[in-house]
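Engineer: Residues in the sequence shown are numbered from 1 upward in steps of one, following full-length UniProt numbering. By construction, the Cβ of each residue, glycine as well, lies at the ideal position given by its N, Cα and C atoms.
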Amino acid sequence: MMHGILVINKPAGMTSHQVVGRARRILGIKKIGHTGTLDPDVQGVLPICIGMATRVAEYLLDQTKAYRGEVTFGLSTTTQDASGEPIEAVDEVLLTAEQVRDAFAAFLGPIMQRPPAYSAIKIDGKRAYDLARKGADVEIPPREVTLYKLEIEEMQLDLPRPKVRFYVECSKGTYVRTLCHDLGVRLGVPAHMSSLLRTKSGPFDLSQALTFEEIEEHVKNGTIEEVLLPMQAALPHLPQNVIPEVLERRVDNGRELTIKRQIPGATVGSLLRIESRTGKLLALYRVTDVLDGELHTLPEKVFKE
1 MMHGILVINK PAGMTSHQVV GRARRILGIK KIGHTGTLDP DVQGVLPICI
51 GMATRVAEYL LDQTKAYRGE VTFGLSTTTQ DASGEPIEAV DEVLLTAEQV
101 RDAFAAFLGP IMQRPPAYSA IKIDGKRAYD LARKGADVEI PPREVTLYKL
151 EIEEMQLDLP RPKVRFYVEC SKGTYVRTLC HDLGVRLGVP AHMSSLLRTK
201 SGPFDLSQAL TFEEIEEHVK NGTIEEVLLP MQAALPHLPQ NVIPEVLERR
251 VDNGRELTIK RQIPGATVGS LLRIESRTGK LLALYRVTDV LDGELHTLPE
301 KVFKE
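1. Out of curiosity, what's the CA-to-CA distance linking residue 106 and residue 180?
2. Is the number of C-beta pairs between the stretch 63-74 and the stretch 182-202 that are closer than 8 Å three or more?
3. Alpha carbon to alpha carbon, how far is residue 25 from residue 61?
4. Compute the Euclidean distance between the alpha carbons of residue 183 and residue 206, then round it to the nearest angstrom.
5. So does the stretch 251-263 actually touch the stretch 287-298, counting three or more Cβ pairs closer than 8 Å?
6. Report the three-state DSSP secondary structure of residue 107 (helix, strand or coil).
7. Say whether the stretch 32-52 touches the stretch 143-161, bearing in mind that this needs 3 or more beta-carbon pairs closer than 8 Å, one atom from each stretch.
8. Do the CB positions of residue 108 and residue 150 come within less than 7 Å of each other?
9. What are the start and end residues of the beta strand (DSSP E) that includes residue 237?
10. Could you pull out every residue in the same chain whose Cβ sits closer than 8 Å to the Cβ of residue 14, ignoring the five residues on either side in sequence?
11. Do the CB positions of residue 160 and residue 76 come within less than 7 Å of each other?
12. Rounded to whole angstroms, what's the CA-CA distance from residue 172 to residue 303? Just pull it up for me.
13. Using CA coordinates, which residue listed in 222, 250, 116, 162 is at the minimum distance from residue 275?
14. Give the secondary structure of residue 270 by DSSP, where H, G and I count as helix, E and B as strand, and everything else as coil.
15. Would a C-beta distance cut-off of 7 Å place residue 178 and residue 80 closer than the cut-off?
16. Is the beta carbon of residue 280 sitting closer than 7 Å to the one on residue 66?
17. In terms of alpha-carbon separation, which member of 8, 1, 239, 4 lies closest to residue 211?
18. Find out if the Cβ-Cβ distance for the pair residue 3, residue 51 is shorter than 7 Å.
19. What does a CB cutoff of less than 7 Å around residue 34 pick up in its chain, not counting 5 residues either side in sequence?
20. Identify whether residue 219 lies in helix, strand or coil by the three-state DSSP scheme.
21. With a threshold of 16 other CB atoms inside 10 Å of the CB of residue 265, please say whether the residue is buried or exposed.
Have a look at this one:
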């Protein structure tokens with residue numbers, strides 16, 4: 001069985017669940033999971049974890065994402081994107097470049113953002129979008145998110161309904177369609193997200209992303225493992241410790257490890273990648289103590305076939 005990560009270039013019109021279903025059919029493998037929901041209309045980077053790699057998916061959820069998007073001013077929708085029903089429409093919107101730049105600048109850095117009613121967030125065990133579709137009054141409390149970078153790439157302000165294309169790097173839990181809606185609120189006009197492409201998810205970017213057609217071709221040619229990324233590709237932020245073969249059985253059995261050296265970035269509470277000399281990810285260990293220059297660690301996850 002394969003174990004690793006495939007970076008899929010998700011097409012528009014598919015849910016993340018449908019992407020996983022199609023990958024299962026193409027690869028003939030059931031144990032596959034995605035690394036965070038992408039809305040159906042959104043295209044771009046969606047890493048999927050295969051086999052034991054499903055156990056590292058949670059560490060990808062918390063990592064930074066990057067997008068190229070477009071906001072259209074003059075129309076707001078129920079879903080805050082182009083798939084929703086119109087709420088408010090204005091035939092002609094007049095905005096200056098300075099107004100737009102000032103509005104974008106206001107959202108850079110840590111902000112409080114209220115997730116949209118049409119979202120996968122659970123309320124009392126039920127998805128918010130299911131409640132919203134049934135006509136319930138859904139209001140999710142605001143939460144703090146961070147926009148690390150927010151850059152305007154193109155402004156088309158001469159259109160009756162102006163469009164602005166932008167690039168954003170943001171933290172886990174950021175809704176770009178809500179950003180578009182809130183930009184409109186700040187400018188005093190209705191607005192919605194008219195397109196979105198995810199260009200990066202954690203360490204993975206579009207240059208690594210494969211279409212389903214490319215994946216099918218690799219399966220047909222027997223070369224799928226050439227594009228399958230190792231599990232540790234999802235964990236570049238974790239310090240690494242390579243162990244000799246004589247210690248591998250100890251790790252496989254989930255025994256404690258004492259590492260007789262300091263590892264940059266490793267402190268009490270840190271997770272470590274424990275790898276073999278052949279480059280295989282064996283386990284994740286957590287540092288429990290640092291004494292006399294030695295790291296005392298206990299297993300968090302062991303990847304034993």
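Structural biologist: Put simply:
1. 13 Å
2. yes
3. 24 Å
4. 27 Å
5. yes
6. coil
7. no
8. yes
9. Premise fails: residue 237 is in no beta strand (DSSP E) and is neither H nor E.
10. 22, 40
11. no
12. 26 Å
13. 250
14. coil
15. yes
16. no
17. 8
18. yes
19. 16, 19, 20, 46, 48
20. helix
21. exposed
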